[in-house]
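**Student:** This is the structure I have questions about; it appears just below.
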Amino acid sequence: MHPAFSVIAFTVCSGAGFGLYMLLVMAHVFGFVSLERSTILAGTMLAVFLISAGLIASTTHLANPKNAWRAFFRFRTSWLSREGVFAVLFYPFALLYLLGVYLSDTGSIGFFTKLMGLFGVMLSFATLFSQGMIYACLKTIKQWNTPLTPTNYILLAFATGALLLNLVLALYGHASLGMMGGITLGLIFIATVAKGIYYFWIRTPSASSINTATGFARGKVRLLDVGHTAGTFLTEEFGYKTPQGRINLFKVLVFVCGFFVPFLLTTFMVVGAEAAVFSALLAFLVAMVGISLERWLFFAEANHVVNLYHGMQRT
Amino acid sequence: MKLGLVVDLDVCVGCHACAVSCKQWNTSGTSGPLTDYAPYDEDPSGVWFNRVRHYEVGDFPNSKTVNMPMSCMHCEQADCVDVCPTGASYKRKEDGIVLIDQDKCMGCNYCSWACPYGARELDRDTGTMKKCTLCVDRIYDENLEEVDRQPSCVITCPAHARHFGDFDDPDSNVSTLVRERGGHQLMPELGYSPTNHYLPPRVVKPQQTAEKPKKSLMNSVKDWVNQSVAR
């Protein structure tokens with residue numbers, strides 16, 4: 262599949278934003294990290310900004326954006342529609358929560374504001390799940406058609422969100438990460454394991470081959486002629502090829518930048534018992550590079566069955 | 092009704108006439124235009140509803156060239172319709188034809204990802220997805236003579252490799268052909284249950300092909316000398 266920059270930017274940015282929002286609100290409401298009013302306001306606004314930037318980026322890959330408003334009307338069957346609805350429904354709850362925190366003097370909020378914040382958490386989760394299901398529901402792309410796809414989307418959103426929350430805590434002068442240190446390490450660890458399982462899983466061959474595609478199961482089938490002289494929509498959209506060497510290099514980089522370095526830097530902050538702005542910033546930025554590569558690979562490695570008609574023997 | 096096509100792979104000669112006539116009819120039809128990009132340039136590209144590909148099946152000498160025209164299969168389980176977020180893609184209840192409302196499509200490409208047969212192509216010019224309509228603007232046109240109320244590709248085919256009819260009727264031409272000739276669907280394992288069927292080539296004895304005569308020793312030496320001298 263052709264990796265579209267807008268979709269990569271959208272999923273990575275909004276993932277970090279939703280992850281930050283969910284962890285921040287849960288930390289605040291359930292009180293496992295002590296947070297001041299200014300920290301919560303800044304963190305929530307940063308999350309909403311990232312989510313909005315992602316949503317705007319996602320509309321740039323539409324060929325006919327003037328009809329984008331219609332995308333909310335097939336909630337019953339389409340995961341893309343569901344994602345849009347959940348993402349938009351998120352805003353009023355997040356803004357009511359933000360308002361509640363803003364109106365409070367010390368950051369201690371009432372039941373209503375807490376409820377609004379938690380509704381926002383649920384909608385964030387639903388959006389991330391739908392985002393993963395957009396890809397996971399496609400039977401045509403074996404590398405996506407697995408429960409691991411939404412799992413990875415959700416876990417990576419939590420991991421990047423946790424790193425971003427650590428950065429916010431450090432910027433607002435928290436002496437230590439407290440509970441967030443351990444939570445971040447745990448989230449990165451689980452995300453690493455899930456991604457590793459995914460990379461092993463997609464190496465297995467799928468049921469479709471050039472034989473099932475053409476219906477000739479008893480002999481070898483070879484492409485003689487694709488029937489077109491220049492590229493078509495199908496070859497541009499689905500025929501994306503990248504050298505295996507680059508894929509392997511990027512996979513190493515995903516694990517080094519996306520998981521290992523942020524894990525190490527967070528460990529330093531936990532062991533050193535201080536929230537250093539430099540470490541937190543570096544951890545977040547390196548993780549974003551790694552997760553962007555991960556998202557690029559997610560598309561570049563996806564092999565659509567239509568490629569079988571263009572001569573590929575298996576997907 | 093369940094309207095669809097049967098393609099006879101035994102007689103298809105791979106002339107691309109169906110693809111060309113499809114383009115000609117539909118570019119001025121309900122889903123038109125079928126935009127061409129740089130048609131007189133080095134890399135002419137554009138939107139087609141019907142594409143013909145050519146395969147070799149089996150190993151020499153027991154091999155056969157198979158020409159495979161492919162358009163929308165008008166699947167019973169049309170995932171392209173389910174995934175469409177705007178409702179632009181729809182499947183007609185009355186005859187099972189899958190269509191795209193050009194006024195509603197936002198060009199997100201998602202339906203083309205869900206289609207295993209490559210039937211949907213984005214028109215970069217209009218920014219909307221386009222696909223085979225089974226010539227819906229032709230098969231119901233009462234101004235045409237009854238014999239002409241068929242998809243353009245079917246009427247055009249010079250080898251009579253294409254047949255159009257109702258798969259719900261067990262005695263229709265298409266149902267009979269599929270039953271008698273053992274017609275199959277493409278990629279049935281994905282569960283889309285495509286309406287269009289393909290008839291496999293008839294089993295015939297392999298034709299005797301002439302063996303390449305063995306070279307004499309003298310000729311081998313001559314060839315070797317000639318090659319060496321040329322270098």
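Which chain is which? The protein sequence lines are Y and U, in order.
The numbering used here puts the first residue of the first sequence at 262, with every later residue one more than the last.
The numbering used here puts the first residue of the second sequence at 92, with every later residue one more than the last.
Each residue gets a CB set at the ideal place from its N, CA and C atoms; glycine is no exception.
This structure is a prediction, so every number in the text was calculated from the model and none was measured.
Where does Pro-160 (chain U) sit, in a helix, a strand or coil, going by DSSP?
**Tutor:** Looking at Pro-160 (chain U) - three-state DSSP - the assignment turns out to be strand.
**Student:** Can you check DSSP and say which residues form a bridge with Phe-255 (chain U)?
**Tutor:** Bridge partners of Phe-255 (chain U): U:Leu-96.
**Student:** How is Leu-249 (chain Y) classed by DSSP in three states: helix, strand or coil?
**Tutor:** The requested residue 249 (chain Y) does not occur in the structure, where chain Y is confined to residues 262 to 576.
**Student:** Are the beta-carbon atoms belonging to Arg-575 (chain Y) and Pro-504 (chain Y) less than 8 Å from one another?
**Tutor:** No, they are not a contact pair.
**Student:** DSSP beta-bridge partners for Tyr-181 (chain U)?
**Tutor:** DSSP lists U:Leu-190 as partners of Tyr-181 (chain U).
**Student:** In or out: Thr-412 (chain Y) buried (at least 16 other Cβ within 10 Å) or exposed?
**Tutor:** By the 10 Å Cβ count, Thr-412 (chain Y) comes out buried.
**Student:** Whole-angstrom Cβ separation of Gly-361 (chain Y) and Met-377 (chain Y), contact assumed at under 8 Å?
**Tutor:** With a Cβ gap of about 7 Å, Gly-361 (chain Y) and Met-377 (chain Y) count as contacting.
**Student:** Which first and last residues belong to the beta strand (DSSP E) in which Arg-144 (chain U) is found?
**Tutor:** Segment 142-148, the beta strand (DSSP E) holding Arg-144 (chain U).
**Student:** Is the shortest distance between the beta-carbon of Tyr-460 (chain Y) and the beta-carbons of chain U less than 8 Å?
**Tutor:** Cβ-Cβ to chain U under 8 Å: no for Tyr-460 (chain Y).
**Student:** In this structure, does DSSP put Met-262 (chain Y) in helix, strand or coil?
**Tutor:** In the structure shown, Met-262 (chain Y) sits in coil (DSSP, three-state: anything other than H, G, I, E or B).
**Student:** Could you name the residues of chain U that Glu-498 (chain Y) contacts, counting a contact when the two beta carbons are closer than 7 Å?
**Tutor:** Those within 7 Å of Glu-498 (chain Y) in chain U are Asn-200, Ser-203.
**Student:** Please report how far the alpha carbon of Leu-425 (chain Y) lies from the alpha carbon of Phe-347 (chain Y), in whole angstroms.
**Tutor:** Approximately 23 Å, taken between the alpha carbons.
**Student:** From Y:Ala-318, Y:Phe-499, Y:Ser-553, pick the residue whose C-alpha is nearest to that of Asn-568 (chain Y); which is it?
**Tutor:** The shortest Cα separation from Asn-568 (chain Y) among Y:Ala-318, Y:Phe-499, Y:Ser-553 belongs to Y:Phe-499.
**Student:** Does Arg-335 (chain Y) have its Cβ less than 8 Å from a Cβ in chain U?
**Tutor:** Closer than 8 Å to some Cβ of chain U, the Cβ of Arg-335 (chain Y) qualifies, so yes.
**Student:** Around the C-beta of Lys-456 (chain Y), are 16 or more other C-beta atoms found within 10 angstroms, so that it is buried, or is it exposed?
**Tutor:** That one is buried.
**Student:** Name the chain U residues whose beta carbon is nearer than 9 Å to that of Lys-481 (chain Y)?
**Tutor:** The contacting residues are Glu-147, Val-148, Gly-149, Asp-150, Ser-154.
**Student:** For the putative contact between Leu-125 (chain U) and Ile-188 (chain U), defined by C-beta atoms under 8 Å, what is the C-beta separation to the nearest angstrom?
**Tutor:** Not really, about 18 Å apart at Cβ, beyond 8 Å.
**Student:** Does the Cβ-Cβ distance between Gly-480 (chain Y) and Tyr-289 (chain U) come in under 8 Å?
**Tutor:** Not closer than 8 Å, so no.
**Student:** Can you give the Cα-Cα distance for Met-440 (chain Y) and Ala-544 (chain Y), rounded to whole angstroms?
**Tutor:** Near 17 Å, if we compare the C-alpha coordinates of Ala-544 (chain Y) and Met-440 (chain Y).
**Student:** Grab me the residues of Leu-514 (chain Y)'s own chain with a C-beta within less than 7 Å of its C-beta, minus the 5 sequence neighbours each way, in chain order.
**Tutor:** Correct list, in chain order: Gly-551, Leu-554.
**Student:** Measure the C-alpha to C-alpha separation of Ser-342 (chain Y) and Gly-137 (chain U) and round it to an integer number of angstroms.
**Tutor:** When rounded, the distance between both Cα atoms is 29 Å.
**Student:** Give, in chain order, every unbroken run of the beta strand (DSSP E) that is at least 3 residues long and sits entirely within the stretch 431-509 of chain Y.
**Tutor:** Runs of the beta strand (DSSP E) inside the stretch 431-509 of chain Y: 482-486.
**Student:** In whole angstroms, what is the alpha-carbon distance linking Arg-211 (chain U) and Cys-202 (chain U)?
**Tutor:** Going by the C-alpha atoms only, they are around 8 Å apart.
**Student:** Taking Cβ-Cβ distances shorter than 9 Å, what residues in chain U pair up with Lys-400 (chain Y)?
**Tutor:** Simply Asp-170, Ala-205, Pro-207, Leu-281, Gly-282, Tyr-283.
**Student:** For the pair the stretch 149-157 of chain U and the stretch 168-182 of chain U, tell me if three or more CB-CB distances fall below 8 Å.
**Tutor:** The stretch 149-157 of chain U, when compared against the stretch 168-182 of chain U, does not touch it at the 8 Å Cβ threshold.
**Student:** Under the rule that 16 or more other beta-carbon atoms within 10 Å means buried, what is Glu-344 (chain Y), buried or exposed?
**Tutor:** Classification for Glu-344 (chain Y): buried.
**Student:** Taking Ser-437 (chain Y) as the reference, give the member of Y:Ser-339, Y:Val-532, Y:Trp-462 with the closest Cα.
**Tutor:** Per the Cα distances, Y:Val-532.
**Student:** Considering only their Cβ atoms, is the gap separating Ser-313 (chain Y) from Phe-271 (chain Y) smaller than 8 Å?
**Tutor:** Taking 8 Å as the Cβ cut-off, Phe-271 (chain Y) and Ser-313 (chain Y) do not qualify as a contacting pair.
**Student:** Ordered along the chain, which non-local residues of its own chain (more than five positions away) have a Cβ less than 8 Å from that of Gly-282 (chain U)?
**Tutor:** Within the same chain, Gly-282 (chain U) has close Cβ partners Gln-168.
**Student:** What is the rounded straight-line gap between the Cα of Ile-230 (chain U) and the Cα of Glu-236 (chain U)?
**Tutor:** Ile-230 (chain U) and Glu-236 (chain U): Cα-Cα distance of roughly 10 Å.
**Student:** Please go through the stretch 300-374 of chain Y and give each complete alpha helix (DSSP H) segment of 4 or more residues, from N-terminal end onward.
**Tutor:** The qualifying runs are 340-364.
**Student:** So Gln-193 (chain U) and Thr-219 (chain U) are supposed to be a Cβ contact under 8 Å. How far apart are they, rounded?
**Tutor:** Yes, Gln-193 (chain U) and Thr-219 (chain U) are in contact; Cβ-Cβ is about 5 Å, under 8 Å.
**Student:** If I follow the unbroken beta strand (DSSP E) through Asp-232 (chain U), where does it start and stop?
**Tutor:** Neither: Asp-232 (chain U) is in no beta strand (DSSP E) and is coded neither H nor E.
**Student:** Could you tell me how far apart the beta carbons of Val-104 (chain U) and Ala-250 (chain U) are, in whole angstroms, since I believe they sit closer than 8 Å?
**Tutor:** Contact holds; Cβ gap of about 5 Å.
**Student:** Select from Y:Leu-399, Y:Gly-447, Y:Leu-359, Y:Gly-434 the residue whose C-alpha is nearest the C-alpha of Leu-525 (chain Y).
**Tutor:** Comparing Cα positions, the closest option is Y:Gly-447.
**Student:** What did DSSP end up calling Lys-114 (chain U) once you bin it into helix, strand or coil?
**Tutor:** Looking at Lys-114 (chain U) - three-state DSSP - the assignment turns out to be helix.
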